[in-house]
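Protein chains in written order, with the numbering used here: chain A, 7 to 200; chain B, 7 to 200. For each residue, glycine too, the CB sits at the ideal point set by N, CA and C.
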DNA sequence: AGATCCATGTAAGACGTTACATGATTTG
DNA sequence: CAAATCATGTAACGTCTTACATGGATCT
């Protein structure tokens, strides 16, 4: 449940698509942090789903590699819905930001401030992305999920803005603060120095 | 970042502990959905961290298998804090519930209702767990995270209660509804029928 | 002509879970 | 004394990511 296979089926409930298309679709939803998958998992998943009869393939083009368009079969649709209606695993919220905040009392104040500043931007962007998504939601389910995402993000944002002073003041002042800079590494490059 | 190793170090920032203790500690935090790890990953992680000098081991007892108590070294502490202050990866929220809600328009109304009922209980329990946690929070960071969790969960809960009618009414009425039952499988047993 | 996007796939490796193997100690 | 809890570890397996290999089509 909620593995690449389900993600592919979900994408194909909306429209026919190639593996490439699916990845693009997921990237949009991924902006909200809900879903994501790489080509390395999508292509094998599609191959297996087709083999199992959940989806149908149609090969187009004659080039070196064909473009393959996948579409849900009636059986696949039923299977997907049956799985969704079945027992669902627990949800998981993995937040490196919140994890770091747990130790704010031991982190340089400048870094704590920078992390919070950054998180505010991230969440504001997510809210904007959700609003775009909500605008073209096709059903009650989709607008419900969008509304939910917006409500919780706004609540988080609000909490952050209202209570940031408390954590920031608890964080120790270091040389960083006195020099007035935050040499903050803001994005996470997978290879970056550890 | 945010792998088992970091989780172990985080647990050991608070106190000395054995692998077993760490697992128990994480289970408490895990109630909030923030963190989790199994013995199968904790023990190898501790062995490697000790080998690298991030933590120190002390073997006690003389039985077949010693109880090993791990404690942070100054080097380990510095490493942990440096990592936390460094670039953080994006947060991920994996919610099978929300994923299912995306397709509420195609799911039996009785199931949608049951899922929402269940989610309300889950979140209410989490809020209660967080309140317990907040009561014994040792620093500003911990109470901040607890407060954040509570605020967002309450917002989610509130949204759910106020808007559930909309999704429920969009969900198709099936035989399940007319018979008045929801034979709902509520928990997810890993082996359960797919 | 070079860059960028479209497009598919494979292989290696990271990371984690479950299940198994083992045994001491405490509690009912 | 049986059951639960404390306690550590390994092996098999699943799942996903990264990096690589390949090449057509489109845009500048």
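Same chain only: Cβ atoms within 7 Å of residue i, ignoring 5 sequence neighbours per side
| i | result |
| --- | --- |
| residue 66 (chain A) | 72, 73, 75 |
| residue 93 (chain A) | none |
| residue 107 (chain A) | 173 |
| residue 122 (chain A) | 166, 170 |
| residue 164 (chain A) | none |
| residue 41 (chain B) | 13, 32, 35 |
| residue 176 (chain B) | 110, 111 |
| residue 103 (chain B) | 121, 125 |
Anticipated Cβ contact below 8 Å, residue i with residue j, distance rounded
| i | j | result |
| --- | --- | --- |
| residue 162 (chain B) | residue 129 (chain B) | 6 Å |
| residue 143 (chain B) | residue 173 (chain A) | At roughly 12 Å, the Cβ-Cβ gap does not stay under 8 Å, so residue 143 (chain B) and residue 173 (chain A) are not in contact. |
| residue 95 (chain B) | residue 19 (chain B) | Rounded, the Cβ-Cβ distance is 20 Å, inconsistent with contact. |
| residue 23 (chain B) | residue 31 (chain B) | 7 Å |
| residue 10 (chain A) | residue 48 (chain A) | 6 Å |
| residue 110 (chain B) | residue 150 (chain A) | 7 Å |
| residue 54 (chain B) | residue 97 (chain A) | The Cβ separation is near 30 Å, so there is no contact. |
Pick from the options that is closest to residue i, judged by C-alpha positions
| i | options | result |
| --- | --- | --- |
| residue 34 (chain A) | A:160, A:159, A:138 | A:138 |
| residue 114 (chain B) | A:134, A:102, A:89 | A:89 |
| residue 169 (chain A) | A:178, A:79, A:126 | A:126 |
| residue 158 (chain B) | B:46, B:167, B:133, B:177 | B:133 |
| residue 14 (chain A) | A:99, A:78, A:118 | A:78 |
| residue 182 (chain A) | A:117, A:135, A:21 | A:117 |
| residue 201 (chain B) | B:131, B:102, B:56 | Past the boundaries of the shown model lies residue 201 (chain B); chain B is included only from 7 to 200, so the question cannot be answered. |
| residue 156 (chain A) | A:46, A:25, A:148, A:136 | A:136 |
| residue 27 (chain B) | B:37, B:45, B:38 | B:45 |
| residue 39 (chain B) | A:91, A:105, A:52 | A:105 |
| residue 25 (chain A) | A:102, A:64, A:148 | A:64 |
| residue 21 (chain A) | A:37, A:83, A:51, A:50 | A:83 |
| residue 131 (chain B) | B:52, B:160, B:59 | B:160 |
| residue 178 (chain B) | A:91, A:59, A:184 | A:91 |
Sheet register partners of residue i (DSSP bridge)
| i | result |
| --- | --- |
| residue 61 (chain B) | B:78 |
| residue 23 (chain B) | B:76 |
| residue 99 (chain A) | B:99 |
| residue 137 (chain A) | According to DSSP, residue 137 (chain A) bridges with nothing at all. |
| residue 66 (chain A) | A:73 |
Beta-carbon contacts of residue i that lie in its chain and below 6 Å, excluding the five residues immediately before and after
| i | result |
| --- | --- |
| residue 16 (chain A) | none |
| residue 12 (chain B) | none |
| residue 37 (chain B) | 135 |
| residue 51 (chain A) | 10, 11, 14 |
| residue 148 (chain A) | none |
Residues near residue i by beta carbon distance below 8 Å, same chain, minus five either side
| i | result |
| --- | --- |
| residue 180 (chain A) | 114, 115, 116 |
| residue 29 (chain A) | 43, 44, 45, 48 |
| residue 59 (chain B) | 79, 81, 82 |
| residue 185 (chain A) | none |
Short of 8 Å Cβ to Cβ, which residues in the segment 94-105 of chain A face chain B?
Taking 8 Å as the Cβ-Cβ cut-off against chain B, the residues of the segment 94-105 of chain A that qualify are 94, 95, 96, 97, 98, 99, 100, 101, 102, 103, 104, 105.
Return the residues of the segment 148-161 of chain B that lie within a Cβ-Cβ distance of less than 7 Å from chain A, sorted by chain order.
Within the segment 148-161 of chain B, the residues whose Cβ lies closer than 7 Å to some Cβ of chain A are 148, 150, 151, 153, 154, 157, 158, 161, listed in chain order.
Could you list the residues in the segment 167-183 of chain A with a C-beta less than 7 Å from some C-beta on chain B, going in chain order?
For the segment 167-183 of chain A, which is checked against every Cβ of chain B, the residues closer than 7 Å are 169, 172, 173, 176.
Taking a cut of 9 Å between CB atoms, which residues from the segment 103-122 of chain B lie near chain A?
Cβ contacts with chain A: 103, 104, 105, 106, 107, 108, 109, 110, 111, 112, 113, 114, 117, 118, 121.
Contact set between the segment 25-57 of chain B and chain A, restricted to residues whose Cβ is under 7 Å from the partner:
Residues 39, 40.
Closer than 9 Å between beta carbons: that is the criterion. Which residues of the segment 136-148 of chain B meet it against chain A?
Listed by position along the chain: 144, 145, 146, 147, 148.
Members of the segment 7-18 of chain A that neighbour chain B once the beta carbon cut-off is set at 8 Å:
Under the 8 Å Cβ criterion, the segment 7-18 of chain A contributes 7, 8, 12, 16.
Using a Cβ-Cβ cut-off of less than 7 Å, give me the residues of the segment 60-88 of chain B that come near chain A, in sequence order.
Look at the segment 60-88 of chain B: the residues with a C-beta under 7 Å from a C-beta of chain A are 87.
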